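Below is one structure, written out as structure tokens; the observations come after it.
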Ligand code: ARG
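Residue numbers (our numbering): 566 to 855.
This is the structure we're talking about:
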């Protein structure tokens, strides 16, 4: 187990609150953007007239993969398929908690076939797989916090995942699911508006959520880090954290500063090509939780 601890600051002894952050080794799943294009538009970020540099997309994605490996994490790879240009957004293929995989069922037919590729991966590896009946886009709309309230799932709805899938996920995974309503089409998945930064806390952009859902988040996570609209629109919240190291889009500079001030270690990466499909760091990475 990899345990890296932030430097102990001497004035800790004087009573200044400066939390020590600890990284926990993770297992991730990614899929190379070899076949990435923007040939249809199913979210407001996608523009079919924009040219995509596939080589650059692969280079940037590879850099992200190397970054995770360099931080000590395991990264499994899914083989990309021609004709499924959004497969690079591996977060959408399933949601895994406590060794159980709740499969995805995509909203748009352009992505439907991706679910079976993910399912085959998990079944081959011997994971317990539960097939969904309800529309849901995996970790795009589900987040898990193992130490919050004994183990809590946060789930988004409004654009992709149906509320019925939240109930289905709760039954499949045996963890309480808190439903949150997304109201801004630019934040069409939960993972572009909210992320876990460690086992018990989150960072989020309130403006992406209904007023009632904002109240729920404020009640459950009084110590959450709040991002501003500029960092949120720069895909800053579409991040992956191991509890200490927070890998995030390099344009979200103020958010990186806030994370640093809270004791985390921001690791900025450039993913300009994959932004053209409406995603960044987190969209490219699924976490496999045993
Ligand atoms: N083009 C993809 C879509 O609209 C992007 C998915 C981004 N993934 C994510 N986890 N937010 O479905």
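Glycine included, every Cβ here is placed at the ideal spot set by N, Cα and C.
Bear in mind that the values here come from a model prediction, so they are computed numbers and not experimental data.
Figure out for me which residue from the options has the closest Cα to the Cα of residue i.
i: residue 711; options: 808, 816, 703; result: 808
i: residue 673; options: 636, 753, 813, 600; result: 753
i: residue 601; options: 628, 649, 804; result: 649
i: residue 842; options: 611, 587, 637; result: 611
i: residue 830; options: 844, 845, 804; result: 804
i: residue 740; options: 708, 784, 850, 791; result: 708
i: residue 641; options: 593, 844, 777; result: 593
i: residue 770; options: 585, 776, 794; result: 794
i: residue 772; options: 783, 766, 765; result: 783
i: residue 698; options: 832, 731, 706, 690; result: 731
i: residue 706; options: 776, 637, 723; result: 723
i: residue 637; options: 591, 597, 616; result: 591
i: residue 790; options: 694, 768, 689, 690; result: 768
i: residue 743; options: 691, 757, 713; result: 713
i: residue 785; options: 758, 776, 766, 775; result: 766
i: residue 587; options: 844, 836, 849, 827; result: 827
How about residue i and residue j: do their beta carbons lie closer than 9 Å?
i: residue 738; j: residue 718; result: yes
i: residue 628; j: residue 595; result: no
i: residue 755; j: residue 716; result: no
i: residue 728; j: residue 608; result: no
i: residue 847; j: residue 760; result: yes
i: residue 792; j: residue 823; result: yes
i: residue 701; j: residue 736; result: no
i: residue 781; j: residue 844; result: no
i: residue 597; j: residue 653; result: yes
If I measure Cβ to Cβ from residue i and keep anything under 6 Å in the same chain, skipping five residues before and after, which residues do I get?
i: residue 659; result: 666, 668, 669, 683, 703
i: residue 621; result: 838
i: residue 854; result: 661, 662
i: residue 676; result: 651
i: residue 686; result: 643
i: residue 696; result: 668
i: residue 775; result: 746, 748
i: residue 688; result: 694
i: residue 584; result: 828
Could you pull out every residue in the same chain whose Cβ sits closer than 8 Å to the Cβ of residue i, ignoring the five residues on either side in sequence?
i: residue 599; result: 619, 623, 645
i: residue 604; result: 613, 650
i: residue 578; result: Residue placement at residue 578 is flagged as unreliable, the pLDDT there being 43, under the threshold of 50; a coordinate-derived value is accordingly withheld.
i: residue 806; result: 760, 761, 762, 763, 812, 829
i: residue 834; result: 625, 628, 629, 632, 812, 813, 814, 815, 846
i: residue 580; result: With a pLDDT of 38 at residue 580, under the threshold of 50, the predicted position of this residue should be treated as unreliable, and no value is reported.
i: residue 664; result: 692, 693, 854, 855
i: residue 616; result: none
From the DSSP output, which residues share a beta bridge with residue i?
i: residue 760; result: 768
i: residue 746; result: 722
i: residue 790; result: 768
i: residue 831; result: 811
i: residue 864; result: Since the first and last residues shown for the chain are 566 and 855, residue 864 lies out of range.
i: residue 707; result: 720
i: residue 806; result: 811
i: residue 852; result: 593
i: residue 695; result: 667
If I'm right that residue i touches residue j with Cβ under 8 Å, what's the distance once you round it to whole angstroms?
i: residue 814; j: residue 799; result: 6 Å
i: residue 851; j: residue 655; result: 5 Å
i: residue 778; j: residue 745; result: 4 Å
i: residue 820; j: residue 796; result: 4 Å
Comparing the CB of residue i with every heavy atom of the ligand HEM, is any distance shorter than 8 Å?
i: residue 667; result: You won't find the ligand HEM in this model; what it holds is the ligand ARG.
In its own chain, which residues sit with a C-beta less than 7 Å from the C-beta of residue i, not counting the 5 before and 5 after it?
i: residue 589; result: 807, 808
i: residue 680; result: 658, 668, 669, 670, 671
i: residue 647; result: 600
i: residue 836; result: 625, 629, 814, 845, 846
Residue i CB to nearest chain D CB: under 9 Å?
i: residue 674; result: Included in the structure is just one protein chain, with no chain D present.
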